[in-house]
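Going by the working numbering, the sequence shown opens with residue 8, and the numbers climb by one from there.
Even glycine gets a Cβ: it sits at the ideal position worked out from N, Cα and C.
Here is the structure we will look at.
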Amino acid sequence: MTLSSLIVQLINGLADASAMFLVAAGLSLIFGVTRIVNFAHGSFYMLGIFVAYTLVSLIGASGFGFWSAVLLSACAVALLGAVVEIVILRRIYRAPELFQLLATFALVLVLKDAALYLWGPEDLFGPRAPGLAGSVELLGRRLPQYDLVLIVIGPVVLGLLWLLLNRTRWGTLIRAATQDREMAGALGINQSRLFTGVFTLGCFLAGLGGALQGPRMPANLALDLETIGNAFVVVVVGGMGSVSGAFLAALLIAEIKALCVALGQVSIGGIDISLSKLTLVVEFLVMAVILVVRPWGLLGKPQAVSRSGGVAEAPLRPAGSLQRKLALAGLLLLLAAPLLSGSFPYLTVLLVEILIAVLFAASLHFMMGPGGMHSFGHAAYFGLGAYAAALVLTGLHLPMEAALVVGPLVAAAGALLFGWFCVRLSGVYLAMLTLAFAQIVWAIIFQWDEVTGGSNGLIGIWPSEWAASPTAFYYLALAFSVAGVLLLRRVLFSPFGYTMRAGRDSPLRAEAIGIDVKRVQWMAFVVAGLFCGMAGALFAFSKGSISPEAISIGRSVDGLVMVMLGGLQTLLGPVVGAVAFTWLQDVIARETDYWRALLGIVMLALVLLFPDGIAGFFERITARRREGDAA
8 MTLSSLIVQL INGLADASAM FLVAAGLSLI FGVTRIVNFA HGSFYMLGIF
58 VAYTLVSLIG ASGFGFWSAV LLSACAVALL GAVVEIVILR RIYRAPELFQ
108 LLATFALVLV LKDAALYLWG PEDLFGPRAP GLAGSVELLG RRLPQYDLVL
158 IVIGPVVLGL LWLLLNRTRW GTLIRAATQD REMAGALGIN QSRLFTGVFT
208 LGCFLAGLGG ALQGPRMPAN LALDLETIGN AFVVVVVGGM GSVSGAFLAA
258 LLIAEIKALC VALGQVSIGG IDISLSKLTL VVEFLVMAVI LVVRPWGLLG
308 KPQAVSRSGG VAEAPLRPAG SLQRKLALAG LLLLLAAPLL SGSFPYLTVL
358 LVEILIAVLF AASLHFMMGP GGMHSFGHAA YFGLGAYAAA LVLTGLHLPM
408 EAALVVGPLV AAAGALLFGW FCVRLSGVYL AMLTLAFAQI VWAIIFQWDE
458 VTGGSNGLIG IWPSEWAASP TAFYYLALAF SVAGVLLLRR VLFSPFGYTM
508 RAGRDSPLRA EAIGIDVKRV QWMAFVVAGL FCGMAGALFA FSKGSISPEA
558 ISIGRSVDGL VMVMLGGLQT LLGPVVGAVA FTWLQDVIAR ETDYWRALLG
608 IVMLALVLLF PDGIAGFFER ITARRREGDA A
């Protein structure tokens, strides 16, 4: 590597930093003011590039046509964002913060299928920017002219946002709401208008970022989830609500990526290390380091304590006589389900998927509900359990029984390591650190071809002979799922469970009476990882193979959706949510090509009708009836 090639590569990194900043700046504003974990922000970015492609085709690719199409695309996306905020998000601002995540994830599904319907599944290549299709020679190498324009656009947008936030009254209101939303409302600020304006501005920046990428990359349907992960990383590394922090974080991450590409393969102590492969995960490595060293990000500040007086959560109660009878009746129905396999051959396969989903969701709920620790990377333990079980079978040639023991233990070991770092954070920062560790594990599995099979995964993961039939494996999955749920429930009503909930509800009082809150949370991580790894091991044997998809962001999001759909603050929530989500996904996917949109609409309807989750809604109704009878 020469000095000239390094400099040119770093300059290319500046263009990527500008593109990353435009998306992250909008997300940072929305994140800071509304506290919404907006998973749909990547979808607005995706729509920006699709709309720009269409408008350039209609207006023309001349200088005026191209740049007007870019601005009109950003405005169209901003208008859509305003409609989404007014019609959907404004109705759920008083719902739990993570429940709003469910609504924005439903929007991701709807917008993805809307783009599929309007533009089709193929990649769309837009024209080059007029007058900027060539390149400039620098140090004997060629730099695209358009990249140099993007390098300038990023700082210009940063300057305009700085003027908006520091030299206008509206900007002052935004900064006030970012620092202390409740106090801003108490001082008479119209929060509805402020939230709508900020959300619209954030969507404008996302649409602008997407539209500007048209000459650099094709418009495709995978851009939404690819973009949102990177955008969240930039926001959290820079500091939630800090636009300047987002710019600094985008610059840092993009330049480290460029440096990895420039260095390529290096030798350290006789060991060859391919730094270029780190580009898949370098942003998550940076985020993990930053959050461990500086928990609030580079330029962020600790969030103000919420003053909103929410309804106190009722204590968990053991199952009553009626609940026990209903649970027993449900178990008997599950035991008898294989009798219907003659009429419904697919029934046992679907039920196995549901049982694995129930165990996965129950382990995540154990952390998020009673534990009070939000996790965006729970798929890490699912994947560790699945791959460990697969390697025990295919690599060590041990039987399935040994694999079902080793898989959960390896997942628990991973949770033991990651949890030690994670419990030092809280809120969104904790959630994003869990996502960072999950992506690091995914990158290792994806690239370690000699052991994990890389992107191809591992095959030939079949159950032992006694469990090879669909019915026998169904009963095995049923036994593990029921035992796992009951054991997790038993832990919650043990002294450990009570101390865990005490640390969640009042950490200062818990510390004052001698409870080591961080250690209790750390152990909760391990327990959740153990049972999640059990679900992963069962998943590997149910499919006969395992691939990196099992540990992707999508798997973690599915778990969050299950927990929030059923209800976060009820023990039955993860069971109901896992059953409802898996069944809806299966039924709707077989009925239409646009199953994501239909599933998203159903989820949005459930969000609006049951803001406490399905199980939480019925539990609240039951509690009101008990209070009425007592009165």
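Considering only residues of the region 240-277, which uninterrupted beta strand (DSSP E) runs meet the minimum length of 3 residues and lie entirely inside it, listed in chain order?
272-275
Skipping 5 residues on each side, what residues in its chain have a beta carbon closer than 7 angstroms to that of L411?
Working through the sequence shown from its first residue, we reach residue 411 at position 404. Closer than 7 angstroms at the Cβ level, and outside the excluded window around L411, lie A396 and A544.
Check whether the region 420-431 touches the region 528-548, taking contact to mean three or more Cβ pairs, one atom from each stretch, closer than 8 angstroms.
Counting C-beta pairs with one atom in each stretch, the region 420-431 and the region 528-548 have three or more that are closer than 8 angstroms, which means they touch.
May I ask you to verify whether the region 605-622 touches the region 104-112, counting CB pairs closer than 8 angstroms and requiring at least 3?
yes
Kindly indicate which three-state DSSP category P325 falls into: helix, strand or coil?
Locating residue 325 in the sequence shown gives position 318, where the first residue counts as 1. Coil at P325, not helix or strand.
Presumed contact (8 angstroms Cβ cut-off) between Y481 and L347, rounded CB distance:
On the sequence shown, position 474 is the one that residue 481 refers to. On the sequence shown, position 340 is the one that residue 347 refers to. Contact between Y481 and L347 fails: their C-beta atoms lie close to 12 angstroms from each other, not under 8 angstroms.
Please report the distance separating the alpha-carbon of G221 from that of G504.
The residue you call residue 221 lines up with position 214 of the sequence shown. The residue you call residue 504 lines up with position 497 of the sequence shown. Computed Cα separation, rounded: 52 angstroms.
With a CB to CB cut of under 6 angstroms and the five nearest residues on each side skipped, what residues in its chain are close to V318?
Numbered from 1 along the sequence shown, position 311 holds the residue referred to as residue 318. Since pLDDT at V318 reaches only 46, below the 50 mark, its modelled position is unreliable, and the value read off the structure follows with that caveat. Here the set comprises nothing.
L21 - DSSP class collapsed to helix/strand/coil:
Start at 1 with the first residue of the sequence shown, and residue 21 comes out as number 14. Three-state result, L21: helix.
Sub-8 angstroms separation of L131 and Y52 beta-carbons
Translated into the one-based positions of the sequence shown, residue 131 becomes position 124. Translated into the one-based positions of the sequence shown, residue 52 becomes position 45. Here L131 is not near Y52, since their CB atoms are 8 angstroms or more apart.
Going by beta carbon distance, what residues of the same chain come within less than 7 angstroms of R98, once the five residues before and after it are set aside?
By 1-based counting over the sequence shown, the position of residue 98 is 91. Result list for R98: L615, in chain order.
Considering only residues of the same chain and omitting the five flanking positions on each side of A415, which have a CB-CB separation below 6 angstroms?
On the sequence shown, position 408 is the one that residue 415 refers to. Here residue 415 turns out to be Pro, not Ala, going by the sequence shown. Answer for P415: G392, L537, G540 and M541, listed in chain order.
Along the beta strand (DSSP E) that carries R149, what are the first and last residues, could you check?
In the sequence shown, counting from the first residue as 1, residue 149 sits at position 142. Looking at the DSSP string, the run of the beta strand (DSSP E) that includes R149 is R148 to P151.
Per-residue DSSP class, three states only, for S142
Counting from 1 along the sequence shown, the entry for residue 142 is found at position 135. Of the three classes helix, strand and coil, the one that applies to S142 here is strand, per DSSP.
Taking Cβ to Cβ, would you say T175 is nearer than 8 angstroms to G248?
Within the sequence shown, the letter at position 168 stands for residue 175. Within the sequence shown, the letter at position 241 stands for residue 248. No.
Please report the residue range of the alpha helix (DSSP H) in which D130 lies.
Within the sequence shown, residue 130 is the residue found at index 123, counting from 1. Here D130 belongs to no alpha helix (DSSP H), and DSSP marks it neither H nor E.
For a quick check, are the C-beta atoms of A238 and G245 less than 8 angstroms apart?
Position 231 of the sequence shown, counted from the start, is the residue given in the question as residue 238. Position 238 of the sequence shown, counted from the start, is the residue given in the question as residue 245. Taking 8 angstroms as the Cβ cut-off, A238 and G245 do not qualify as a contacting pair.
Between G316 and the rest of its own chain, which residues show a CB-CB distance below 6 angstroms, the 5 nearest in sequence each way excluded?
On the sequence shown, residue 316 is found 309 positions in, with the first residue counted as 1. The predicted model places G316 with a pLDDT of 40, which falls under 50 and marks its position as unreliable; any figure quoted below should be read in that light. Here the set comprises nothing.
Compare the C-alpha of M380 against each of G434, L342, L354 and L333 and name the closest.
The count along the sequence shown starts at 1 and reaches residue 380 at position 373. Ranking the options by Cα distance to M380, first place goes to G434.
According to the neighbour-count rule (16 or more other Cβ atoms, all chains shown, within 10 Å of its Cβ), is N197 buried or exposed?
Here residue 197 refers to the residue found at position 190 when the sequence shown is read from its first residue. That one is exposed.
Residues of its chain near V156, where Cβ-Cβ distance is below 8 angstroms and the 5 sequence neighbours each way are ignored
Start at 1 with the first residue of the sequence shown, and residue 156 comes out as number 149. Around V156: A136 and L139.
A298 versus L270, A326, A256 and A265, residue with shortest Cα-Cα distance:
Translated into the one-based positions of the sequence shown, residue 298 becomes position 291. Inspection of the sequence shows that residue 298 is occupied by Leu rather than by Ala. Among L270, A326, A256 and A265, the Cα nearest to that of L298 is on A256.
Nonlocal neighbours in the same chain, by C-beta distance under 6 angstroms from S549, ignoring five residues either side
Counted from its first residue, the sequence shown places residue 549 at position 542. Counting only Cβ-Cβ distances below 6 angstroms, and skipping sequence neighbours, we find V359.
Neighbour-count burial assignment, D565, 16 or more Cβ in a 10 Å radius:
Position 558 of the sequence shown, counting from 1, holds the residue named residue 565. By the neighbour-count rule (16 or more Cβ atoms within 10 Å), D565 is buried.
The region 434-452 touching the region 504-520, judged by at least three CB pairs closer than 8 angstroms
no
Inter-stretch contact (C-beta, 8 angstroms, three-pair minimum) for the region 207-220 and the region 78-86
yes
Can you give the Cα-Cα distance for L371 and W449, rounded to whole angstroms?
Along the sequence shown, read from residue 1 onward, the residue named residue 371 stands at position 364. Along the sequence shown, read from residue 1 onward, the residue named residue 449 stands at position 442. Cα-Cα distance, rounded: 18 angstroms.
Report, in whole angstroms, the separation of the C-beta atoms of A110 and L611, which I expect to be a contact under 8 angstroms.
The residue you call residue 110 lines up with position 103 of the sequence shown. The residue you call residue 611 lines up with position 604 of the sequence shown. A Cβ-Cβ distance of about 6 angstroms is found for the pair A110 and L611, placing them in contact under the 8 angstroms criterion.
I need the DSSP call for S350, collapsed to helix, strand or coil.
By one-based count along the sequence shown, residue 350 stands at place 343. Note: S350 maps to coil in three-state DSSP.
What are the boundary residues of the alpha helix (DSSP H) that A226 is part of?
Locating residue 226 in the sequence shown gives position 219, where the first residue counts as 1. Looking at the DSSP string, A226 is not in any alpha helix (DSSP H), and its letter there is neither H nor E.
Using the Cβ count rule (16 or more neighbours within 10 Å means buried), how would you classify K332?
As a first step, residue 332 must be located in the sequence shown, where it is residue number 325. Answer is exposed; the Cβ neighbour count stays below 16.
Does DSSP put S11 in a helix, a strand or coil?
Counted from its first residue, the sequence shown places residue 11 at position 4. S11: helix per DSSP, three-state reduction.
Have a look at T586 and I361 and give me their C-alpha separation to the nearest angstrom.
Residue numbering aside, residue 586 sits at position 579 when the sequence shown is read from its first letter. Residue numbering aside, residue 361 sits at position 354 when the sequence shown is read from its first letter. The question names Thr, but residue 586 is Val in the sequence shown. When rounded, the distance between both Cα atoms is 6 angstroms.
Own chain, CB closer than 7 angstroms to P477, minus 5 neighbours either side, in chain order
Along the sequence shown, read from residue 1 onward, the residue named residue 477 stands at position 470. Result list for P477: T355 and V356, in chain order.
For the pair the region 488-504 and the region 555-575, tell me if three or more CB-CB distances fall below 8 angstroms.
With the cut-off at 8 angstroms, the region 488-504 and the region 555-575 do not touch.
Hey, could you find the ends of the alpha helix (DSSP H) M569 is sitting in?
Along the sequence shown, one-based indexing puts residue 569 at 562. Its alpha helix (DSSP H) spans residues I560 to G573.
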